[in-house]
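Down below is the structure, laid out as structure tokens.
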Amino acid sequence: MKFSNIYKLAKKGDVDSQYSLGSMLHEGNELEQDYEESFKWLLKAAKQGHLIAQYNVGYMLHRAEGVIEDNETAFSWFSKAAERGLAFAQNYLGIMYRTGVGVNEDFEEAFIWFSIAAESGLAEAQCNLGSMYLDGDGVPESLSDGAHWVDLAYKQGNEEAAEMINEYELWDDVNDWYK
Amino acid sequence: MGKVTYRELPDDHPLFKRGWVVATVRRPIKNDKKPSKDKSVVNSSKEDNK
């Protein structure tokens, strides 16, 4: 669809067009990159319930892309998308709980959200969950469980997982899990 | 407070256009505080899965 048509539909309130326009402005490929305009359109789509837009708005608020940083509101948008099952948002919610950004630090909550996202196969969430086990944050310390989750991410080609296996010296523990 | 690392999603990602990221967080590992290799403290879930 041509940009002019997307723009017209977006202005009329079409949620998919609002999302497309916001994404195009963020990407800066077909249109000149403009984070402020991107945020404006993605927020409209998010308010209408567009799942990916809700994640994107949360991210832009958290990273101050085109908008003043507001981690409490970012947390609220991530929560909406996480409750609806988006693994990327579930993972980010876990990060906010673990780091205490936008919400009070709560390792148990972080563990829950990382677990949900990791079970769905998101490699980064698997690393995050593995890290919780390895550090004993929100869960009793467990090398074997930590190694297991990091290994699942590693098998997906995740570079962070490879780093973790080396740094925590998990090669034996990864192998032990499958014995 | 852990260190957050961001990775840009690939251009052909099924959900996101180019320019979005996914994040990981972990505490910096200290040489004198690596996880205990004492298997007695290891959670028994591995055995449960047998």
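So the protein lines, in turn, are chains A and B. Taken in order, the first sequence gives residues 1 to 179; the numbers are from my numbering. Taken in order, the second sequence gives residues 180 to 229; the numbers are from my numbering. Note that CB positions come from ideal geometry on N, CA and C, so glycine has one too. Owing to the predicted nature of the structure, the values given are computational and were not obtained by experimental measurement.
State the Cα-Cα distance for the pair D172 (chain A) and E65 (chain A), rounded to the nearest angstrom. 42 Å
Take the Cβ of D190 (chain B) as the centre, count every other Cβ of all protein chains shown within 10 Å, and call the residue buried at 16 or more, exposed below. exposed
Any beta carbon of chain B sitting closer than 8 Å to that of D135 (chain A)? Interface with chain B (8 Å Cβ-Cβ cutoff): D135 (chain A) is included.
Chain B within 8 Å of T99 (chain A), Cβ atoms only: yes
Excluding the 5 residues flanking A46 (chain A) on each side, which residues of the same chain have their C-beta closer than 6 Å to its C-beta? A53, Q54 and V57
Do you know whose CA, among A:V150, A:E30, A:G136 and A:E37, lies nearest E119 (chain A)'s CA? A:V150
In the DSSP assignment, what residue or residues form a beta bridge with K155 (chain A)? DSSP output for K155 (chain A) lists no bridge partner at all.
Should M24 (chain A) go down as buried or exposed, given a rule of 16 or more other Cβ atoms within 10 Å for buried? buried
Within the 8 Å Cβ cut-off, does Y154 (chain A) reach chain B? In terms of beta-carbon proximity, Y154 (chain A) stays away from the interface with chain B, with every pair separated by 8 Å or more.
Would you say I116 (chain A) reaches chain B, if we count a Cβ-Cβ gap shorter than 8 Å as a contact? no
Taking Cβ to Cβ, would you say R98 (chain A) is nearer than 8 Å to V204 (chain B)? yes
Beta-carbon of E27 (chain A) versus every beta-carbon of chain B: anything under 8 Å? A Cβ of chain B is located within less than 8 Å of the beta carbon of E27 (chain A).
Start and end residues, beta strand (DSSP E) containing E187 (chain B): K182 to E187 is the extent of the beta strand (DSSP E) around E187 (chain B).
Taking DSSP as the reference, what is the three-state secondary structure of R84 (chain A)? coil
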